[in-house]
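In the working numbering, the protein residues as written are 5 to 378.
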């Protein structure tokens, strides 16, 4: 019985580890990414699925961002005045994984993204003088995002180490998503008539960033009791390109050269928590942990010019999971505990030190993942 419970517990943990999904937190453009190691961790599970070399997974994410922050201070007047920027994002992450051995695997992931953004300031403006009717308009982006390819390797042999293990992964992010999606922006003429300007949509709803990136990830678990396990995972994405060719404001006229184009920024995420399985509910477990994800102001490799909204969000992450011999299902709802729109490279060039842009964040997001083993 203890052996069975151990297998169930570790199996859950590994499936949970494979689903560190990062979803753009509103205006802080964290691209949709996930850890991509195969969902096999214990020796019993590997033997049970020794002919299941393939895995197919689908992840769904949803967020609604609207709450503006400058630093850690919320700009409550934005909601009170009705001038908040609203992003609604739906993303489906499709993954395919091949298990070469019980330690080595290869994965490919491709997101399909549906974004909707509404605002006043991008169109007629926020003020009553510029926008007497306080009209709000929408821009959208739909399509595939940036593809990820990765190779993952367990440090310890899963056949011999079922209670503790750690995995390292390395991969590439490829610019398959459109980084220059355009939309229609409404402007008022001097005569008060509506006119349309077609230009690039905001960076936060672009489908890709236009760059090739190196992605490093780590994940692991440690059994604390017969049905209780600690899990942790994280990644850092190193973008090699400084800026892409997308004009930030649709023109170079009157725009500071530092923010003339969209930045191709690094991004990161980390996650840790406890998973609890139950002997009286075979196949089910619950989890509770914390996570942090964000975009830095300065990239590790190359320059940091271009328009970006750097920042991070710290969340508490409750969730539930179910797994049987062929299928795995998890649902988590990370809830924001702290949000910080840090100063960008552009902000930091202000000699007075006063310039500090803002960004909109979500209160929570919903994440659901389904995996089928063959």
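Heads up, the beta-carbon is just placed ideally off N, CA and C, and yes, glycines get one too.
Note that the structure is predicted; figures quoted are calculated from it, not measured.
- Residue 275 and residue 127 have their C-alpha atoms roughly 38 Å apart.
- When beta bridges are read from the DSSP output, residue 126 appears opposite no residue.
- In the three-state reduction of the DSSP assignment, residue 184 falls in the coil class.
- Nearest in C-alpha terms to residue 89, of all of 125, 77, 107 and 58, is 125.
- Selection 107, 331, 292 and 311 evaluated against residue 247 yields 311 as nearest (Cα-Cα).
- By the neighbour-count criterion, in which 16 or more other beta carbons inside 10 Å mark a residue as buried, residue 314 falls on the buried side.
- Here residue 322 carries a strand assignment [DSSP, helix/strand/coil].
- Relative to residue 280, the option among 197, 338 and 232 whose CA is nearest is 232.
- Annotation for residue 273: the continuous beta strand (DSSP E) segment containing it runs 271-281.
- In the DSSP annotation of this structure, the continuous segment of the alpha helix (DSSP H) that includes residue 83 starts and ends at 80-85.
- Looking from the CA of residue 115, the closest CA among 121, 93, 328 and 131 belongs to 93.
- Put simply, the backbone Cα of residue 348 is about 10 Å away from that of residue 354.
- From the listed residues 262, 289, 295 and 268, the smallest Cα separation to residue 277 is found for 295.
- Between residue 168 and residue 109, the gap from beta carbon to beta carbon reaches 7 Å or more.
- Every unbroken stretch of the alpha helix (DSSP H) spanning 4 or more residues and falling wholly within the segment 297-361 is given here in chain order: 349-352.
- Scanning the segment 161-226 for uninterrupted beta strand (DSSP E) segments of 3 residues or longer gives 168-178, 186-192 and 198-204, listed from N- to C-terminal end.
- Looking at the DSSP output, residue 149 bridges to nothing.
- The C-beta distance from residue 215 to residue 179 rounds to 6 Å, short enough to fall under 8 Å.
- Three or more pairs of CB atoms, one per stretch, sit closer than 8 Å, so the segment 351-366 contacts the segment 74-81.
- Taking the C-beta atoms as reference points, residue 338 is found nearer than 7 Å to residue 369.
- The alpha carbon of residue 230 has as its nearest neighbour, out of 164, 326 and 283, the alpha carbon of 283.
- Counting only the Cα atoms, residue 135 lies some 11 Å from residue 190.
- Selection 192, 253 and 351 evaluated against residue 132 yields 192 as nearest (Cα-Cα).
- DSSP places residue 115 in the strand class (E or B) of the three-state scheme.
- Residue 265 has its alpha-carbon roughly 6 Å from the corresponding atom of residue 249.
- If you ignore the 5 residues before and after residue 198, its C-beta comes within less than 8 Å of the C-beta of 190, 191 and 192, all in its own chain and listed in chain order.
- The Cβ-Cβ distance between residue 183 and residue 147 does not fall below 7 Å.
- Here residue 263 is not bridged, per DSSP, to any residue.
- The three-state reading of DSSP puts residue 373 in strand, counting E and B together.
- Annotated three-state conformation of residue 91 is strand, per DSSP.
- Taking C-beta separations shorter than 8 Å and ignoring five residues to either side along the sequence, the partners of residue 256 in its chain run 264, following chain order.
- For residue 249, the enclosing beta strand (DSSP E) covers residues 247-251.
- According to the DSSP assignment, residue 59 belongs to the beta strand (DSSP E) that extends over 58-74.
- In the same chain as residue 143, and ignoring 5 residues on each side of it, the C-beta atoms closer than 6 Å to its own belong to 121, 187 and 205, in chain order.
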